[in-house]
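Residue numbers (UniProt numbering): 1 to 373. We put the beta carbon where it would ideally sit given N, CA and C, even for glycine. Quantities reported herein were computed from a predicted structural model and do not represent experimental measurements.
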């Protein structure tokens, strides 16, 4: 039995000459890579290594570019890093003026017993002593002790009890006061009193209101309010009055009745009694001022010489100006220009016929607008 055996296909082999092994046959030259490998480089570096840990070597200067940041805390003052709490300003109580002090030793002994040297004294003229307490507690205790001993004195209202008054402009006079108060208190203020301002002569209400605020640290912020109750408004400080207060109890100037404990004096006579207890009930022209002694009531300030002296000392800008001399007036029969230049010129003719005719002629020409011939 014949078996057909298939021979495998003959393989074809190609001979590729090796150019690297036979460079001469192809006329090529093999160039070796001159760059040395870093991995095989085991030769030592040519640069000399400096021994930094030698104990006799020169110290190496080291610099840190963030050194200024580390020293920043040293340049900041301690007040900025640790701010101290703000201390509230201590308001001194008002002074106390004690009258008729002929012997000051009993007064000093009582004050030392009450306030323990928390006071200062200053002697004034007419046996009057000014007493200044150091704090509010000492002021209250001193006032109480002086009243118990029937001492004649006067004082003033404490500053924290006074109101801060401003003027509200450009709001209608018929606006409800309660609405104004609520609108102002919405800004953080506390209103104590509001009333409308009227004209002094005609008594017509004006678009102005007085606003009294309780003393606070934000009182001046009320001037920043520009709109109130849908109305463009303006807040302004109240004008300082150039009027000296007068006490209706003792008739002296510079304080009021509410803080006066002095002996009462009459406004119509020099008697040491209240005005309501005076026997002069009917109107009488023979009155005497208890302050200056002239023939006028004590509250008639325009004629009181004591009031004029106090006013001129307190308000020097309103001092009386010197009267104009008679020489500044034009006298009869002289030119005004000659009086102004302090020179005397030819006097005008008085009550002469030529002068009257000249004036009549000038008036006729002025009416007809013709030149004078």
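- Query: Over what stretch of residues does the alpha helix (DSSP H) that includes residue 214 continue unbroken?
  - Reply: It is not in any alpha helix (DSSP H) - residue 214 instead sits in the beta strand (DSSP E) that spans 205 to 214.
- Query: So residue 276 is in the beta strand (DSSP E); what residue range does that whole segment cover?
  - Reply: Residue 276 -> no beta strand (DSSP E), and no H or E assigned at all.
- Message: Considering only the alpha carbon of each residue, which of 213, 115 and 307 lies closest to residue 242?
- Response: 307
- Item | Cα-Cα separation, residue 122 to residue 131 | 7 Å
- Item | Close beta carbons around residue 112, own chain, < 7 Å, minus the five adjacent residues each side | none
- Task: Could you tell me the distance, in whole angstroms, from the CA atom of residue 318 to the CA atom of residue 293?
- Result: 25 Å
- Ignore the nearest five residues each way along the sequence and tell me which others in residue 179's own chain have a CB closer than 8 Å to its CB. 229
- Task: Measure how close the beta-carbons of residue 170 and residue 275 come, nearest whole angstrom, since I'm counting them as under 8 Å.
- Result: Between residue 275 and residue 170 the Cβ distance is about 42 Å, and since that is not below 8 Å, they are no contact.
- Task: Would you grab the beta carbon distance between residue 159 and residue 244 for me? Rounded to a whole angstrom, and I think it's under 8 Å.
- Result: 20 Å between Cβ atoms; not a contact.
- Which term fits residue 312, buried or exposed, when burial requires 16 or more other beta carbons within 10 angstroms of its beta carbon? exposed
- Message: Strictly by DSSP, which residues pair up with residue 251?
- Response: According to DSSP, which records beta bridges pairwise, residue 251 is partnered with nothing at all.
- Task: Using the Cα positions of residue 212 and residue 99, report the straight-line distance between them to the nearest angstrom.
- Result: 33 Å
- Message: Count Cβ pairs between the region 145 to 161 and the region 254 to 261 that sit closer than 8 Å; are there 3 or more?
- Response: yes
- Item | Reduced DSSP secondary structure (H/G/I, E/B, other) of residue 288 | coil
- Looking at the structure shown, is residue 303 part of a helix, part of a strand, or coil, going by DSSP? helix
- Could you pull out every unbroken beta strand (DSSP E) segment of at least 3 residues lying fully inside the region 120 to 181, listed in chain order? 128 to 133 and 163 to 169
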